[in-house]
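K.L.:
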Amino acid sequence: MSFNRIFTNGKIFTADRENREANAMIICNGKISWIGKEEDMPSVVGEKIDLQGRRVLPTFIDAHLHPLMLAETSKQLACTPPGVTSIEEMVQALKKLREEHSPDSWIEGWGYDEGKLEEGRTPNRHDLDQAAKNAPIVLTRTCTHILSVNSKALEIAGITKHTPDPPGGKIDRDEYGEPTGVLRESAGDLVKNKMPVKSLEEKAGALAEYSDTFLAKGITGITEMMADHRPIDYFEIYKAAVEKGMKQRVALYYNWDEFQQLDLNDPALFDREQSVYIAGIKLFADGSISGQTAWVHPAFIGDDENAGISTTSREELLEAGEAAKKYGIQLAVHAMGEQAIDQVVDTFYKRADWLEGAPSVRIEHASLPTVRAIQRAAESGIAFVTQPIFLFAEIESYLNNLGEERSRNTYPVKNILEKGIQVAFSSDAPATAWDDPVNPFVGLGAAVNRKAYDGSDIGQEQAISIETAVELYTKAAQEVARIPFVGRLALGFHADFIVLESDILQVDKADISSMTVEETYMGGEKVYQKKV
Ligand SMILES: [Zn+2]
1 MSFNRIFTNG
11 KIFTADRENR
21 EANAMIICNG
31 KISWIGKEED
41 MPSVVGEKID
51 LQGRRVLPTF
61 IDAHLHPLML
71 AETSKQLACT
81 PPGVTSIEEM
91 VQALKKLREE
101 HSPDSWIEGW
111 GYDEGKLEEG
121 RTPNRHDLDQ
131 AAKNAPIVLT
141 RTCTHILSVN
151 SKALEIAGIT
161 KHTPDPPGGK
171 IDRDEYGEPT
181 GVLRESAGDL
191 VKNKMPVKSL
201 EEKAGALAEY
211 SDTFLAKGIT
221 GITEMMADHR
231 PIDYFEIYKA
241 AVEKGMKQRV
251 ALYYNWDEFQ
261 QLDLNDPALF
271 DREQSVYIAG
281 IKLFADGSIS
291 GQTAWVHPAF
301 IGDDENAGIS
311 TTSREELLEA
321 GEAAKKYGIQ
331 LAVHAMGEQA
341 IDQVVDTFYK
351 RADWLEGAPS
361 VRIEHASLPT
371 VRAIQRAAES
381 GIAFVTQPIF
391 LFAEIESYLN
401 NLGEERSRNT
411 YPVKNILEKG
421 IQVAFSSDAP
431 ATAWDDPVNP
441 FVGLGAAVNR
451 KAYDGSDIGQ
461 EQAISIETAV
471 ELYTKAAQEV
481 ARIPFVGRLA
491 LGFHADFIVL
501 ESDILQVDKA
511 DISSMTVEET
521 YMGGEKVYQK
531 KV
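UniProt numbering applies: residue 1 is where the sequence shown begins, and numbers increase by one.
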């Protein structure tokens, strides 16, 4: 027995090159059994649903994301614009959050960037003590390497003026030698080690709870780009989350050192038809542009000729590549600076070919590719996974570290596409200083307008059409992340689609980033309805 759902009267953008626009589709057992023009529709028996002339798109796939971190930080204060633009606003918001929690529970926040705060400085313990004296407060800077904590958190961690800086870390101190509450690199662990550890159940519960937020933004395919085995295995966490009701299809990319700890004998781990599967191995070739640790050439602006850091080697890349080949999965390498991208491209030049019909090697972020790297990546089938929201939300640090001209030439999406490189869009949420970091419409708007949040021009030459931008967040994201039968509305694909309040292909480009989803469907079933 099959059950049909017949959708009519839609403006369906299919992201399928063969059949780009349709207005009707028939869904049978969750998959599309027919799609096209209403007048050509075969007559079948089933439930009829009128799409009322609204715009329909395939659901979004976020090809580079940190869902667990996102789910956990969603319970914390986003210390970023547009919600928080000063330390004063931060203190008020923390006070409110404090009142919603039990008196002694930890208050957490994320994403602050002193460059975006009115006061132009890092929040210290005196600021945070105004929000709470008796409950510990911990704020993580946008780079995730620096913490600002209040006096109670310092007390719990036992940090006083007599505490020496730990190896690889620094406790900031005032003129009297007293800790200011700012803890850098490994010094942050002194506090983190005292924080309550979350269980598998709690983590899975946070993910399951966050599933609805993803659906409200039209996201049904997600990637976990930093899966760990220790202390709790991410495969187990995500599987438990699915059991608790998480609806997204999940591709896991394990950190290389964690991947080597896994027991990989069960072929089901790599079965892409499962709701959770291992999609690849993740490595880092450099740091970030905002932290001046991306491995660049020429050096960052400044007097010290800082060209960032290299965090892997050709040998390690090749070794991880061999492992990926052995298990028929991908190698995803974080590379932002010119030299880091060159290293990955040169290492895998014309040898990134172990997967059929899909990129074997993905470069994550790919912020500053040289003309030569673009050419060689194209010749080798290496894909680029970029985040249009980065330049949009973090324009200040790009300008400070790279200058105006070089910033405008970062993420040269149009050039890369013209050279025939596979590109997927994504958000990297929550690793962006924006209080709604996973919202695909912010990324789409940024890619189409090439304007930062403050309105400044971030390189009009690299702007792309809205149709292309949607494709990079749907069809192309599927081709790169390899979650099967999604990202396109075509015969045999899952009927995963969104219905929009207005036509994203027609609206003023400036309005794209504030658009919302009215309904989200998975397998032809409505899984989200916007409240009126
Ligand atoms: Zn990431």
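Virtual Cβ for every residue (Gly too), placed ideally from N, Cα, C.
The model shown is predicted, which means the values in this text are computed figures rather than measured ones.
(1) Taking Cβ positions, are Phe-284 and His-229 nearer each other than 8 Å?
(2) Mind listing which residues have their beta carbon within less than 5 Å of any non-hydrogen atom of ligand 1? Chain order is fine.
(3) Could you compute how far the alpha carbon of Asp-40 sits from the alpha carbon of Pro-67?
(4) In chain order, what are the residue ranges of uninterrupted beta strand (DSSP E) at least 3 long that sit wholly in the segment 259 to 310?
(5) Please state whether the Cβ-Cβ distance between Asn-401 and Ile-289 is less than 8 Å.
(6) Where do the ends of the alpha helix (DSSP H) carrying Pro-388 lie?
(7) At the level of alpha carbons, what is the spacing between Ile-32 and Glu-404?
(8) Below 8 Å on the Cβ atoms is my guess for Val-480 versus Ala-63; work out the distance and round it to an integer in Å.
(9) At which residues does the alpha helix (DSSP H) containing Thr-180 begin and terminate?
(10) Which same chain residues end up closer than 6 Å to Ala-71 when comparing Cβ atoms and leaving out the 5 residues on each side of it in sequence?
(11) Between which two residues does the alpha helix (DSSP H) carrying Phe-214 extend?
(12) Beta carbon of Pro-440, beta carbon of Ile-219: below 8 Å?
(13) Let me know the beta strand (DSSP E) ranges lying completely inside the segment 83 to 130, each 3 residues or longer, listed in chain order.
(14) Looking at Tyr-238: is its Cβ nearer than 8 Å to the Cβ of Val-197?
(15) Just list the residues that DSSP pairs Phe-13 with in beta bridges.
(16) Quick check: the Cα distance between Val-527 and Glu-47, rounded to an integer number of angstroms?
(17) On the DSSP letters alone, give me the boundaries of the alpha helix (DSSP H) that Asn-255 sits inside.
(18) Can you tell me the Cα-Cα spacing of Gln-375 and Ile-107, whole angstroms?
(19) The beta strand (DSSP E) spanning Val-425 covers which residue range?
(20) Can you give me the start and stop residues for the alpha helix (DSSP H) that Ala-324 sits inside?
(21) Locate the beta strand (DSSP E) running through Ala-431, then write down its first and last residues.
(22) Report yes if the C-beta distance between Ala-240 and Val-191 is below 8 Å; otherwise report no.
(23) Within 10 angstroms of its Cβ, does Tyr-473 collect 16 or more other Cβ (buried), or is it exposed?
(24) Does the Cβ of Asn-150 have 16 or more other Cβ atoms within 10 Å, making it buried, or fewer, making it exposed?
(25) Look up Asn-4 in the DSSP assignment and give the residues it is bridged to.
(26) Can you check which of these residues, Ala-93, Pro-58 and Thr-144, is closest to Glu-467 by C-alpha distance?
(27) Contact defined as beta carbons within less than 8 Å: I believe Gly-181 pairs with Asn-124. What is the distance between those atoms, to the nearest angstrom?
(28) Is it the case that the segment 483 to 503 contacts the segment 415 to 430, given that we only count it when at least three CB pairs across the two stretches are under 8 Å?
(29) Whole angstroms is fine: what's the gap from Trp-434's alpha carbon to Ser-514's?
(30) Just mark Ile-301 as buried or exposed, buried being the case when its beta carbon has 16 or more other beta carbons within 10 Å.
(31) With Ile-498 as the anchor, note down where its alpha helix (DSSP H) starts and where it stops.
(32) What number of angstroms, rounded off, separates the C-alpha of Lys-217 from the C-alpha of Ala-358?
(33) In whole angstroms, give me the CA-to-CA distance for Met-225 and Leu-252.
(34) Given a cut-off of 8 Å on the beta-carbon distance, is the pair Leu-368 and Ile-458 in contact?
(35) Assign Ser-397 to buried or exposed, taking buried as 16 or more other Cβ atoms, counted over all protein chains shown, within 10 Å of its Cβ.
P.N.:
Judging by the given coordinates:
(1) With contacts defined by Cβ atoms closer than 8 Å, Phe-284 and His-229 do not form a contacting pair.
(2) In chain order, the residues positioned with their C-beta nearer than 5 Å to some heavy atom of ligand 1 are Met-225 and Asp-428.
(3) The alpha-carbon atoms of Asp-40 and Pro-67 are separated by roughly 41 Å.
(4) Unbroken beta strand (DSSP E) stretches of 3 residues or longer found wholly inside the segment 259 to 310: 276 to 284, given in chain order.
(5) Yes, Cβ-Cβ distance for Asn-401 and Ile-289 is below 8 Å.
(6) Per DSSP, Pro-388 belongs to the alpha helix (DSSP H) from 388 to 393.
(7) One C-alpha to the other measures close to 47 Å.
(8) Right, their Cβ atoms sit about 5 Å apart.
(9) Thr-180 -> not in any alpha helix (DSSP H); beta strand (DSSP E) instead, spanning 179 to 185.
(10) Same-chain partners within the cutoff: Ala-206, Leu-207 and Tyr-210.
(11) Counting along the chain, the alpha helix (DSSP H) containing Phe-214 begins and ends at 200 to 216.
(12) Yes, these two residues count as a Cβ contact at 8 Å.
(13) Listed in chain order, they are 107 to 112.
(14) Not closer than 8 Å, so no.
(15) BP columns for Phe-13 point to Glu-21.
(16) Their Cα atoms are separated by approximately 17 Å.
(17) Run containing Asn-255: none in the alpha helix (DSSP H); it sits in the beta strand (DSSP E), 249 to 255.
(18) Cα to Cα, the separation comes out at about 48 Å.
(19) Contrary to the premise, residue 425 reads as Phe rather than Val in this sequence. Start and end: 423 to 425.
(20) Residues 314 to 327.
(21) Counting along the chain, Ala-431 falls outside any beta strand (DSSP E), and DSSP gives it neither H nor E.
(22) Not a contact, by the Cβ cut-off of 8 Å.
(23) By the 16-neighbour rule on beta-carbons within 10 angstroms, Tyr-473 is buried.
(24) Using a 10 angstroms sphere on the CB of Asn-150, the tally of other CB atoms reaches 16 or more, which defines it as buried.
(25) Asn-4 pairs with Cys-28.
(26) Checking every option, the nearest Cα to that of Glu-467 belongs to Pro-58.
(27) Gly-181 to Asn-124, Cβ: 5 Å. Contact.
(28) Using a C-beta cut-off of 8 Å, the segment 415 to 430 makes no contact with the segment 483 to 503, since fewer than three inter-stretch Cβ pairs fall below that distance.
(29) Cα atoms of Trp-434 and Ser-514: separation of roughly 14 Å, rounded to the nearest angstrom.
(30) Ile-301 is classed as exposed because its beta carbon has fewer than 16 other beta carbons within 10 Å across all chains shown.
(31) Boundaries for Ile-498: no alpha helix (DSSP H) harbours it, while the beta strand (DSSP E) harbouring it runs 497 to 500, taken from the DSSP string.
(32) Their Cα atoms are separated by approximately 27 Å.
(33) If I take the Cα positions, the gap works out to 6 Å.
(34) Contact flag unset, no.
(35) So Ser-397 ends up on the buried side.
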